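Q: Here the protein sequences come in this chain order: G and R.
So that you can map any letter, position 70 of the first sequence is 70 in this note's numbering, and since no number is skipped, the others follow by simple counting.
So that you can map any letter, position 134 of the second sequence is 1134 in this note's numbering, and since no number is skipped, the others follow by simple counting.
Below is a structure I'd like to ask you about.
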Amino acid sequence: METRKMIMLAFAISILFVQEQILVFLPNIQFTVVLLIVYSSVFSKKEMFVIIFVYVFLDSMYYGGLNPFYFIPMLLAWSLIPIVHHGLLKRTRNEYVLAVFALMFGFVYGWMFIPFHMIQTSIMNPIPYLLSDLLFEVIMGTTGFLTVLWMYGPLVRLFSLVGDDHLYHARSIRNSEL
Amino acid sequence: MKKVFVTIFVLALALVGFFVLRDQRVDHDAGQVRIVIHDGEYLVGENSLSFSEGDSLFDILKREYSLLCANAAYQPTEDCNELLFGSPVILGIDEVVTNWTSSYFAIYINDEYSTLGVGNVYVEDGDMVRLQVQYLGGE
């Protein structure tokens, strides 16, 4: 991997981590979803997995000494963004489609923790966890929807200004309108 | 303009959902409650406390015990204020302390595991509340 690309990835991860820490006092209100969708538009799938692994690793280290009951579901959940964006959504840049995806992701992210929480607490009924987390899923889904709707376009255009033709889609973004 | 309408619609829908769900998380009532503190191995304290109408379990515990709570980053703090949304998380009661990652306080109301947090539990007269340290393994 080129040095320039590595530096870009490092910056991307730093922005992801720092914004989360700044907004930690607001439960589930963060720019992580929109940032990962933007990154997914400009980086390749392989680079996305590097970003997500390092971000989740840092986050889990910072909060809970790499607790596998948080580390694994977080890794799986965040990895869904590049998987769905590059796969099912065919790397779309349609803000409305991506906003709906971000809305649904807010719920899926919460559900991903349920089996792990069931193992951790030995309470094998998923319903209480599902119900108690629903409120926070609504917050995360709504935040994801609104941030993608309003910020995805400007942020992706900002990336295109970097002028690095090696970025996954930077060239195509510069040549097209969102 | 379309974006503004979509934003208003989704925000309105989310706000309705938020308040409906928040209301459902609260369980109401009022009298005398027996509080049992268990450190996971031994019973370390038992107390019969009175409460008034509208007191949550958190209000009752806050009056009687020295609490250690989790802040928004789940770090221990003695500043046990209500969180912005949802219920506060108790990490320590007097000398019994948990760390959230490998241990936490499980709440049992009349020996039944509570899925509501301390701020959302409203006990009834004669209830027995057991706060028991639950170990999860790992560090």
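No residue lacks a Cβ here, since even glycine has one placed at the ideal position from N, Cα and C.
These figures come from a predicted structure and were not determined experimentally.
When you check each C-beta in the region 62 to 73 of chain G against every C-beta of chain R, which residues fall closer than 7 angstroms?
A: Y63, G64, G65 and N67
Q: Give the C-beta separation of V1121/R and S1056/R to the nearest angstrom, bearing in mind that I take them to be a contact with Cβ-Cβ under 8 angstroms.
A: The residue given as residue 1121/R occupies position 121 in the second sequence. The residue given as residue 1056/R occupies position 56 in the second sequence. Confirmed, Cβ separation roughly 6 angstroms.
Q: So which residues on chain G does T1007/R lean against when the C-beta distance must stay under 9 angstroms?
A: Position 7 of the second sequence, counting from 1, holds the residue named residue 1007/R. Here the neighbours are F145, L146, L149 and W150.
Q: Please confirm whether any heavy atom of the ligand FAD lies closer than 8 angstroms to the CB of D1023/R.
A: Only the bare structure without any ligand can be found here, which leaves the ligand FAD out of the picture.
Q: Which value, in whole angstroms, describes the spacing of the CA atoms of L155/G and V24/G?
A: Taking the first sequence and counting its residues from 1, the one referred to as residue 155/G is at position 155. Taking the first sequence and counting its residues from 1, the one referred to as residue 24/G is at position 24. L155/G and V24/G have their C-alpha atoms roughly 22 angstroms apart.
Q: I'd like to know whether the C-beta atoms of I139/G and P27/G end up nearer to each other than 9 angstroms.
A: Against the first sequence, residue 139/G aligns to sequence position 139. Against the first sequence, residue 27/G aligns to sequence position 27. Closer than 9 angstroms, so yes.
Q: If you count every other CB in all the chains shown that lies within 10 Å of the CB of I7/G, and 16 or more means buried, which is it?
A: The residue labelled residue 7/G in the question sits at position 7 within the first sequence. Label assigned to I7/G: exposed.
Q: May I ask you to list, following chain order, the residues of the region 117 to 146 of chain G that have a beta carbon less than 8 angstroms from some beta carbon of chain R?
A: Q120, T121, I123, P128, Y129, L131, S132, L134, L135, F136, V138, I139, G141, T142, F145 and L146
Q: Near M1001/R, what residues of its chain come up, given a Cβ to Cβ distance below 7 angstroms and the 5 sequence neighbours on each side ignored?
A: Locating residue 1001/R in the second sequence gives position 1, where the first residue counts as 1. Cβ neighbours of M1001/R beyond the five flanking positions: none.
Q: Is any beta-carbon of chain G found at less than 9 angstroms from that of A1073/R?
A: Working through the second sequence from its first residue, we reach residue 1073/R at position 73. So, interface residue.
Q: N94/G to K1062/R, Cα distance in whole Å?
A: Position 94 of the first sequence holds residue 94/G. Position 62 of the second sequence holds residue 1062/R. Whole-angstrom Cα-Cα distance: 50 angstroms.
Q: Report all residues from its chain with a CB closer than 8 angstroms to the CB of L89/G; omit the five preceding and five following residues, and keep chain order.
A: Along the first sequence, read from residue 1 onward, the residue named residue 89/G stands at position 89. If we look at L89/G and ignore the five residues flanking it on each side, its Cβ neighbours are V97, L98 and F101.
Q: Under a three-way DSSP split, which group does A1072/R fall into?
A: Reading the second sequence from its first residue, position 72 is the one you call residue 1072/R. Note: A1072/R maps to coil in three-state DSSP.
Q: If you measure between the beta carbons of Y129/G and T1115/R, is that distance less than 9 angstroms?
A: Stepping through the first sequence from its first residue, residue 129/G is reached at position 129. Stepping through the second sequence from its first residue, residue 1115/R is reached at position 115. Taking 9 angstroms as the Cβ cut-off, Y129/G and T1115/R qualify as a contacting pair.
Q: Do we get a CB-CB distance below 9 angstroms when we pair V108/G with the residues of chain R?
A: Within the first sequence, residue 108/G is the residue found at index 108, counting from 1. By this cut-off, V108/G is not an interface position.
Q: According to DSSP, what are the bridge partners of N1047/R?
A: Counting from 1 along the second sequence, the entry for residue 1047/R is found at position 47. BP columns for N1047/R point to I1035/R.
Q: Could you work out which residue in T147/G, L161/G, F159/G and S160/G is closest to V1006/R when comparing CA atoms only?
A: Numbered from 1 along the second sequence, position 6 holds the residue referred to as residue 1006/R. Across the set T147/G, L161/G, F159/G and S160/G, the C-alpha of T147/G shows the shortest separation from the C-alpha of V1006/R.
Q: Starting from the N-terminal side, write out each stretch of the alpha helix (DSSP H) that is 4 residues or longer and does not extend beyond the region 101 to 162 of chain G.
A: 114 to 121 and 126 to 160
Q: Excluding five sequence neighbours on each side, which residues of the same chain lie with their C-beta closer than 6 angstroms to the C-beta of G1092/R?
A: Mapped onto the second sequence, residue 1092/R falls at position 92. Counting only Cβ-Cβ distances below 6 angstroms, and skipping sequence neighbours, we find L1068.
Q: Report yes or no: do three or more beta-carbon pairs, one from the region 28 to 40 of chain G and one from the region 1036 to 1046 of chain R, lie closer than 8 angstroms?
A: no
Q: Counting only beta-carbon separations shorter than 9 angstroms, does D31/G have a partner in chain R?
A: For the purposes of this step, residue 31/G is taken as the residue at position 31 of the first sequence. Per the sequence shown, the amino acid found at residue 31/G is Phe instead of Asp. Among the CB atoms of chain R, none fall inside 9 angstroms of the CB of F31/G.
Q: On the premise that G1119/R lies in contact with S1087/R, defined as a C-beta separation below 8 angstroms, what is that separation, rounded to the nearest angstrom?
A: What you label residue 1087/R is simply residue 87 of the second sequence in a count that begins at 1. What you label residue 1119/R is simply residue 119 of the second sequence in a count that begins at 1. Contact flag correct, Cβ pair sits at about 3 angstroms.
Q: Closest by CA to F49/G, which one among T92/G, V34/G, F136/G and S79/G?
A: Here residue 49/G refers to the residue found at position 49 when the first sequence is read from its first residue. Measuring from the Cα of F49/G, the nearest candidate turns out to be S79/G.
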